[in-house]
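**Student:** Before I ask anything, here is the structure I am working with.
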Amino acid sequence: MSDPTRITPTGPAEAAGPASTGASASPGGVSVATVPARLGSVEQRGIEPVPPAERTGRPMQLFWAWFAANISILGLPLGISLINGGLNLWQALIAAAVGAFGSFAIVGVISIAGRRGHAPSLTLSRAIFGVRGNIGPTVVSLLSRLGWETVNTATAAFALIALSSLLFGTSGKAKDVPVIALVSIGIFVVCTVIVSGLGHATLMVIQKWATWVFGGLNIVVAIFLLTRIDWSVVFNTPAGSTAAVIIGIGTIAGGTGIGWANAGADMSRYQGDRVSAGSLIVSAAAGAGIPLVLLIGLGSVLGAGEAGLAAAANGPVGALAEAMPPWLAIVYLVTAFGGLLVSNHMSVYSAGLTTLTLGVRIKRVYAVIVDVIVTTIGAIYFLLIADNFYDPFISFIVLLAVPITAWVGVFIADMLRRRDYGGDALLELSSRSVYWYRGGIEWRATGVWAAAIIIGYLFTQAGPAAAPWFTGPLHSTWFGQNGLGWAITLAVAFLGYLALSGARTPRATPVNEVRA
88 MSDPTRITPT GPAEAAGPAS TGASASPGGV SVATVPARLG SVEQRGIEPV
138 PPAERTGRPM QLFWAWFAAN ISILGLPLGI SLINGGLNLW QALIAAAVGA
188 FGSFAIVGVI SIAGRRGHAP SLTLSRAIFG VRGNIGPTVV SLLSRLGWET
238 VNTATAAFAL IALSSLLFGT SGKAKDVPVI ALVSIGIFVV CTVIVSGLGH
288 ATLMVIQKWA TWVFGGLNIV VAIFLLTRID WSVVFNTPAG STAAVIIGIG
338 TIAGGTGIGW ANAGADMSRY QGDRVSAGSL IVSAAAGAGI PLVLLIGLGS
388 VLGAGEAGLA AAANGPVGAL AEAMPPWLAI VYLVTAFGGL LVSNHMSVYS
438 AGLTTLTLGV RIKRVYAVIV DVIVTTIGAI YFLLIADNFY DPFISFIVLL
488 AVPITAWVGV FIADMLRRRD YGGDALLELS SRSVYWYRGG IEWRATGVWA
538 AAIIIGYLFT QAGPAAAPWF TGPLHSTWFG QNGLGWAITL AVAFLGYLAL
588 SGARTPRATP VNEVRA
C-alpha cells in the first residue's frame, strides 16, 4: 500500500488553498472569509482547518482548559460509586489515579491529531471512515456530549434549587418547585451559551481564571468537609477485591477521559505546529487528572464516612449542603454551579463542532444554541420526571463508553501511519471528496468500529446491579464480571484496524507533512 502522506491532492481543495490564506470552507465545501478568533468576539470559524497565522496555541492553555473542565462536583458521585462498589479509600484513590490520568492521556493522544490536522476530532475522522462512514461515530460522539451536558445542567439546577431553599425557605426538591427548577435550568443554559457561543479564544481565557476561582472555593469546602468526617470509619473500611479495583478503574476511565476523547482535537486545533506531542499528552493528563483525583478522592472519603450520601436520590448537591453551616453551604452551592458551568462550556463548544460535522449548514454559534435546547429538554426530564439520578448517570457512562472507545481504537491506530488529514479536503461531502472511498464509506475502518462495538457489548452490563436493563451474553465471563468490556473494545478496534492495514489510500492526500 502506498504512503498516504506522499500523494499529491487532486480533489476539490488544494493544500495551498483557503486554509493557508485566511479564508476557509464551509461544511459543504464553499469558501468563506473568516476573522481570527479574539477574546470577547464571536468565533466565526466552524469545522474548517485553522490557517497557519492563527495556530498560536500553547500546551498550558490546554492544561488550564482541562483542569477547569474537571473541577465540577460530578467527581463526588464517581467517588461515592467506588465506595459503593466495595473499595476502601486507598483502592479508590488508585482507581481514580489510573482511570483519570490514563484516560486523559488518551485525550492527549487525540490532541496530537488536532495539532496535525488543525480541525475538530470528528472532522478529522472523515479521513478515516469516509464522509458517510463517519456519520456513525459522529452521532455517537454527539450523543455523548449531549448526555454529559444534560447531566451538568440537571446537577447545576439542583445546586440553584438548594440555594433557593437555603435563602428563601422553598422546597429543596425539584418536583415540588417546578418553576424554580425551570428558572434554574434557564440561568445555567444562558451562562453556557454566552461563553460557548463566543468560542475558542474566550473559552481558553475563561477556563484559566475559572480554575483559580472555583478551584480555590473547592479547597475551602473540602477542608471543612474533611474536618467533619469520622476518619476511624473511613480507615476501617474493608478492602475490596482486585476485580472490584479493575471495575473501578473502568468506571472512572469511562466517566472521565473516555467521554472527552472525542473532543481532544477540538481543543488542540489552534496549537502551533512546533508544539511537541508529549506536551499535549501531559497537558491533558495532568490538567484533568489532578482535579479529578482530588474530587473523586473526596467523594470516596464522604462515601465511606457518610453512609447517607450513598443513597441520596437527588445527587450530592442537596445532601452535602444540608451537612454544612449556612454560610459555607452558600459557598459550596455557588462553587458547584460554577464548576459545572465551566465544564459545560467546553462540552457545548465541542458539541457545536460535532453538529456541524454531521453536515448541518448553520453557523457554529447557532449549532451551540440547537445543542443546548436538546440538553434543556433532557435536564427537565432529570429534574421533574426521573425518580433517580445516579442510576441513569452510571448507565449512561457504561453504554456510551463502548462505541466511543471503539472509535478511539481505530482513530489512534490510524494516527500511527497518518501525518496529514487533507486540509480543506475534509470539508467536501459529495462524491468528489478525496475521502469518498466506496460509496462514501471506508469499509475497513467502519466495519472494525462496528465489530468492536458488538464485541464490547457482549461483555457489558448497564443499569442497577439488582435489576439491570441490559446484560450482554458474555457478561458472566471473567472479562465481563471485571468490567473490561471497554478494554476488549479498544483492543479489537486498535488491533483489527492495524491488521487490515488501515484505511484504503484515498484518491488524493496533501503532500505537506507536520512534525510528529
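Counting in the numbering used here, the sequence shown runs from 88 upward without gaps. All residues carry an ideal CB built from backbone N, CA and C; glycine is no exception.
1. Where does I158 fall in DSSP's three states?
2. Could you give the distance in angstroms between the alpha-carbon of S370 and the alpha-carbon of D474?
3. Over what stretch of residues does the alpha helix (DSSP H) that includes V455 continue unbroken?
4. Buried or exposed, going by whether 16 or more other CB atoms sit within 10 Å of the CB of A214?
5. Could you tell me the alpha carbon to alpha carbon distance between A206 and G220, rounded to whole angstroms?
6. Whose CA, out of L176, G439, V495, E236, lies closest to the CA of G386?
7. For a minimum of 4 consecutive residues, which ranges assigned as the alpha helix (DSSP H) are wholly contained in the region 121-205?
8. What are the residues that DSSP puts in a beta bridge with A549?
9. Check whether the region 126-135 and the region 442-450 touch, using three or more Cβ-Cβ pairs below 8 Å as the test.
10. Mapping DSSP to helix, strand and coil, what is R525?
11. Please report the Cβ distance between F191 and A375, rounded to the nearest whole angstrom; I am assuming they are in contact, meaning their Cβ atoms lie under 8 Å.
12. Do you know how far the Cα of P325 is from the Cα of R361?
13. What is the residue span of the alpha helix (DSSP H) that L250 lies within?
14. Smallest Cα separation from I193: which of L577, Y584, S588, L582?
15. Of the choices V185, I316, K262, K450, whose alpha-carbon is the least far from that of I339?
16. For V380 and I528, I'd like the C-alpha separation in whole angstroms.
17. If we count the other Cβ atoms within 10 Å of its Cβ and call it buried at 16 or more, is T314 buried or exposed?
18. Between the alpha carbons of S366 and V495, how many angstroms are there, rounded?
19. Return the CA-CA distance between V388 and A182, expressed in angstroms with no decimal places.
20. Could you give the distance in angstroms between the alpha-carbon of G359 and the alpha-carbon of V196?
21. First and last residue of the alpha helix (DSSP H) that includes S355?
22. Between T298 and V429, is the Cβ-Cβ spacing less than 9 Å?
23. What whole-angstrom Cβ distance do D501 and G583 have, given they're in contact under 8 Å?
24. For Y522 versus G534, is the C-beta distance shorter than 9 Å?
25. How do the region 404-423 and the region 226-246 stand: do at least 3 beta-carbon pairs fall below 8 Å, yes or no?
**Tutor:** Result, derived from the coordinates:
1. Counting from 1 along the sequence shown, the entry for residue 158 is found at position 71. Of the three classes helix, strand and coil, the one that applies to I158 here is coil, per DSSP.
2. Here residue 370 refers to the residue found at position 283 of the sequence shown. Here residue 474 refers to the residue found at position 387 of the sequence shown. Cα-Cα distance, rounded: 39 Å.
3. Locating residue 455 in the sequence shown gives position 368, counting from the first residue. For V455, the enclosing alpha helix (DSSP H) begins and ends at 451-471.
4. Counting from 1 along the sequence shown, the entry for residue 214 is found at position 127. Result: buried.
5. Translated into positions along the sequence shown, residue 206 becomes position 119. Translated into positions along the sequence shown, residue 220 becomes position 133. Taking the straight line joining both Cα atoms gives about 18 Å.
6. Walking along the sequence shown from the start, residue 386 turns up at place 299. If you compare the alpha carbons of L176, G439, V495, E236 with that of G386, the shortest gap goes to L176.
7. For the region 121-205, whole alpha helix (DSSP H) runs of length 4 or above, ordered along the chain, are 146-156, 162-171, 176-204.
8. Residue 549 sits at position 462 when you count from the first residue of the sequence shown. Beta-bridge pairing links A549 to F557.
9. Using a Cβ-Cβ distance cut-off of 8 Å, the region 126-135 and the region 442-450 are in contact, since at least three pairs of beta carbons, one from each stretch, lie closer than that value.
10. Numbered from 1 along the sequence shown, position 438 holds the residue referred to as residue 525. R525 falls in the strand class under three-state DSSP.
11. Locating residue 191 in the sequence shown gives position 104, where the first residue counts as 1. Locating residue 375 in the sequence shown gives position 288, where the first residue counts as 1. Yes, F191 and A375 are in contact; Cβ-Cβ is about 4 Å, under 8 Å.
12. If you number the sequence shown from 1, residue 361 lands on position 274. If you number the sequence shown from 1, residue 325 lands on position 238. Cα-Cα distance, rounded: 50 Å.
13. By one-based count along the sequence shown, residue 250 stands at place 163. 222-255 is the span of the alpha helix (DSSP H), which, as asked, contains L250.
14. Within the sequence shown, the letter at position 106 stands for residue 193. Residue nearest to I193 within the set L577, Y584, S588, L582 is L577 (criterion: CA-CA distance).
15. Numbered from 1 along the sequence shown, position 252 holds the residue referred to as residue 339. In terms of CA proximity to I339, V185 leads the group V185, I316, K262, K450.
16. Numbered from its first residue, the sequence shown carries residue 380 at position 293. Numbered from its first residue, the sequence shown carries residue 528 at position 441. One C-alpha to the other measures close to 40 Å.
17. For this step, residue 314 is matched to residue 227 along the sequence shown. Residue environment analysis places T314 among the exposed positions, since fewer than 16 neighbouring C-beta atoms fall within 10 angstroms of its C-beta.
18. Indexing the sequence shown from 1 puts residue 366 at position 279. Indexing the sequence shown from 1 puts residue 495 at position 408. Between S366 and V495, the C-alpha separation is close to 20 Å.
19. Position 301 of the sequence shown, counted from the first residue, corresponds to residue 388. Position 95 of the sequence shown, counted from the first residue, corresponds to residue 182. V388 and A182 have their C-alpha atoms roughly 14 Å apart.
20. Numbered from its first residue, the sequence shown carries residue 359 at position 272. Numbered from its first residue, the sequence shown carries residue 196 at position 109. For G359 and V196, the gap between their C-alpha atoms comes out near 16 Å.
21. The residue labelled residue 355 in the question sits at position 268 within the sequence shown. Per DSSP, S355 belongs to the alpha helix (DSSP H) from 351-355.
22. Within the sequence shown, the letter at position 211 stands for residue 298. Within the sequence shown, the letter at position 342 stands for residue 429. It is a contact, given that the beta carbons lie within the stated cut-off.
23. Stepping through the sequence shown from its first residue, residue 501 is reached at position 414. Stepping through the sequence shown from its first residue, residue 583 is reached at position 496. Here D501 is actually not in contact with G583; their C-beta atoms are around 12 Å apart, not less than 8 Å.
24. Taking the sequence shown and counting its residues from 1, the one referred to as residue 522 is at position 435. Taking the sequence shown and counting its residues from 1, the one referred to as residue 534 is at position 447. No, the Cβ-Cβ distance between Y522 and G534 is not below 9 Å.
25. The region 404-423, when compared against the region 226-246, does touch it at the 8 Å Cβ threshold.
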